[in-house]
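J.: So the sequence shown is residues -16 to -1, 1 to 334, counted in mature numbering (1 follows the signal peptide of the UniProt record, and there is no 0). Sharing a structure here in structure tokens format.
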Amino acid sequence: MWLALLLCLGLPSSGGLRLPVNFWLLSRSGEAPPPHDVQLCNRCCQNIDDGDAAALAANLAALESCAVAVELGPEEGGAPPPPPRVVELRPGELAEQLCARGPRAFQLPRRGHPLEIGEAPFDEGGLGHSVWDASIGLAVWLTRHAEAVRGARVLELGSGVGLGGVAAAAAGAARVTLSEVTLSEMTRSEGTRSEMTRSEGTRSEGTVTKEARSEGPLGEGGADFGGERLLRELEANVRRNGLEAVARVVELNWEDCLSPEYEPECTYPVVIGSDLVHDEVYSLRSLAAAVSAFTEVGGTAYLMSTRGRPGVERLPLALSSLGEVEEEEMTLFNSYGKAELVLTTLRRRA
């Protein structure tokens, strides 16, 4: 294993610092993480073993210049996590519910202080309930390439719990819209559709904009999508990171974008998303329609996916009619293993 980490779990706190519990290193596919980055991660673990808080703080600060996300443990004196519970994912499938144990904290490149991301139980948040590898990879990439979003209006499709959108806001985006679908009722009201609107003239609760509801299933996986809890968690994550002036949360159903009559209120110079492609659950056609509807001419979409998921290999073709499409394969290493990712970039043309 490239990094003998997490030996530090359960060790005493060092000078009140939040201890690292995982390191996520992003590199080009086929390449090992830079030795310098790995060395810094191992030094952090050694610092904890030695009880050297000053050295730990210095090495964590040095990691901010690397393509590394450091996941930090709870603050000293925080409440212990609740015990796991078992939930039914689908009929006949059970899984230990390990999330909803308090916000996770990620120190990202060039950030200075960690981002706090709360999660939801699967049975309340659906597939978007948790921070997935692709969202961590996107967050690391965005903070390492802040010029991609700095000063721009950004839309995150399928935000889940919003790490990508929160990272974009932290990287200097002028305005970020985080979006998710709710399917709490599984029926679509006749003649209604969700429509992204400006905050003016809409009813709102906090930063969650209530728009016309479209609550029909997407593909075959409607039961896997979150409800109001997921939107509330997105709103809470905006607040946790002090981004209320920059970020808002809206409901958006991609399938609405398939309608020839669909006209978004505004388009965006930058559209982002992570793990949006899975043919068994999501419709690749509706995703392409959403990217088409919301990416302005001359704008760019950055979509990070986990390689091997059904439909990912067809994403470039689905977007090819919209402009120039490029792919970059990456590997996200962490203390337990690795994830193979691919960043699909669309440069929208007229």
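The beta carbon of each residue, even a glycine, is placed where N, CA and C say it ideally should be.
In its own chain, which residues sit with a C-beta less than 8 angstroms from the C-beta of residue 367, not counting the 5 before and 5 after it?
T.: Here the chain comprises residues numbered -16 to 334, so residue 367 is not present and cannot be evaluated.
J.: Per DSSP, what kind of secondary structure is Ala323 in: helix, strand or coil?
T.: strand
J.: Once DSSP output is grouped into helix, strand and coil, what is the label at Thr329?
T.: strand
J.: Arg216: buried (16+ other C-beta within 10 angstroms of its C-beta) or exposed?
T.: buried
J.: Decide if the stretch 6 to 18 is in contact with the stretch 30 to 38; the criterion is three or more beta carbon pairs, one per stretch, under 8 angstroms apart.
T.: no
J.: From the DSSP secondary-structure annotation, give me the bridge partner or partners of Pro4.
T.: Leu56
J.: Judging by CA-CA distance, which residue of Thr251, Glu308, Pro19 is the nearest neighbour of Ala136?
T.: Thr251
J.: Quick one: complete beta strand (DSSP E) runs, 3+ long, within the stretch 83 to 120?
T.: Within the stretch 83 to 120, the complete beta strand (DSSP E) runs of at least 3 residues are 88 to 91, 99 to 101.
J.: Could you have a look at Ala334 and say whether DSSP puts it in helix, strand or coil?
T.: DSSP places Ala334 in coil when its eight states are reduced to three.
J.: Give every residue of the same chain whose Cβ lies closer than 8 angstroms to the Cβ of Thr315, excluding the five residues on either side of it in the sequence, and list them in chain order.
T.: Cβ neighbours of Thr315 beyond the five flanking positions: Leu10, Ser11, Arg12, Ser13, Gly14, Glu15, Lys322, Ala323, Glu324, Leu325.
J.: What runs of the beta strand (DSSP E), each 3 residues or longer, lie entirely inside the stretch 216 to 261?
T.: 231 to 235, 252 to 258
J.: Among residues of its own chain, excluding the 5 on either side of Arg291, which ones have a beta-carbon nearer than 8 angstroms to its beta-carbon?
T.: Once the five neighbours on either side are set aside, the close Cβ partners of Arg291 are Glu313, Glu324, Leu325, Val326.
J.: Bridge partners for Phe317 per DSSP, in chain order?
T.: Looking at the DSSP assignment, Phe317 forms a beta bridge with Leu9, Lys322.
J.: Under a three-way DSSP split, which group does Val296 fall into?
T.: helix
J.: Within its chain, find whatever has a CB closer than 8 angstroms to the CB of Ala302; leave out the 5 residues flanking it on each side and keep chain order.
T.: Leu268, Arg269, Leu271, Ala272
J.: In terms of residues, what are the limits of the alpha helix (DSSP H) holding Ser163?
T.: First-last for Ser163: 159 to 164, but that is the beta strand (DSSP E), not the alpha helix (DSSP H).
J.: Please classify Gly149: is it buried, with 16 or more other beta-carbons within 10 angstroms of its beta-carbon, or exposed?
T.: buried
J.: Let's test the definition: count the other Cβ atoms within 10 Å of the Cβ of Ser305 and tell me whether it reaches 16, buried, or not, exposed.
T.: With fewer than 16 neighbouring CB atoms inside 10 Å of its own CB, Ser305 falls in the exposed class.
J.: Along the chain, where does the alpha helix (DSSP H) that runs through Gly148 open and close?
T.: 147 to 154
J.: Does Arg94 have its Cβ less than 8 angstroms from a Cβ in chain D?
T.: Looking at the structure shown, chain D is missing, and only one protein chain is on hand.
J.: With which residues is Ala285 paired in a DSSP beta bridge?
T.: Paired residues: Val255, Leu330.
J.: For the beta strand (DSSP E) that Ala137 lies in, which residues bound it at each end?
T.: It should be noted that the sequence gives Arg, not Ala, for residue 137. It spans 137 to 140 - the beta strand (DSSP E) in which Arg137 sits, taken as one unbroken run.
J.: Just reading off the alpha helix (DSSP H) that Cys28 is part of, what are its end residues?
T.: 19 to 34
J.: Quick check on this structure: which residue in Glu311, Glu239, Thr329 has the alpha carbon closest to the alpha carbon of Ile256?
T.: Thr329
J.: State buried or exposed for Gly109, treating a residue as buried only when at least 16 other CB atoms are found within 10 Å of its CB.
T.: Result: buried.
J.: In its own chain, which residues sit with a C-beta less than 8 angstroms from the C-beta of Asn225, not counting the 5 before and 5 after it?
T.: Leu99, Glu100, Val150, Ala153, Ala154
J.: What number of angstroms, rounded off, separates the C-alpha of Gly57 from the C-alpha of Glu245?
T.: 48 angstroms
J.: DSSP on Val124, reduced to helix/strand/coil?
T.: In the structure shown, Val124 adopts helical secondary structure according to DSSP, grouped into three states.
J.: Which partner residues does Glu15 have in the DSSP bridge list?
T.: DSSP, once it has assigned bridges, lists no residue as partnering Glu15.
J.: Identify whether Ser308 lies in helix, strand or coil by the three-state DSSP scheme.
T.: Looking at the sequence shown, residue 308 is not Ser but Glu. Per DSSP, reduced to three states, the secondary structure at Glu308 is strand.
J.: Report all residues from its chain with a CB closer than 8 angstroms to the CB of Leu260; omit the five preceding and five following residues, and keep chain order.
T.: Result list for Leu260: Leu141, Gly142, Tyr266, Leu271, Leu287, Ser289, in chain order.
J.: If you count every other CB in all the chains shown that lies within 10 Å of the CB of Gly102, and 16 or more means buried, which is it?
T.: buried
J.: In the DSSP assignment, find the unbroken alpha helix (DSSP H) run with Arg291 in it and report its ends.
T.: Where Arg291 is concerned, there is no enclosing alpha helix (DSSP H), given that its DSSP letter is neither H nor E.
J.: Which of helix, strand or coil does DSSP assign to Glu212?
T.: helix
J.: Give the secondary structure of Glu131 by DSSP, where H, G and I count as helix, E and B as strand, and everything else as coil.
T.: helix
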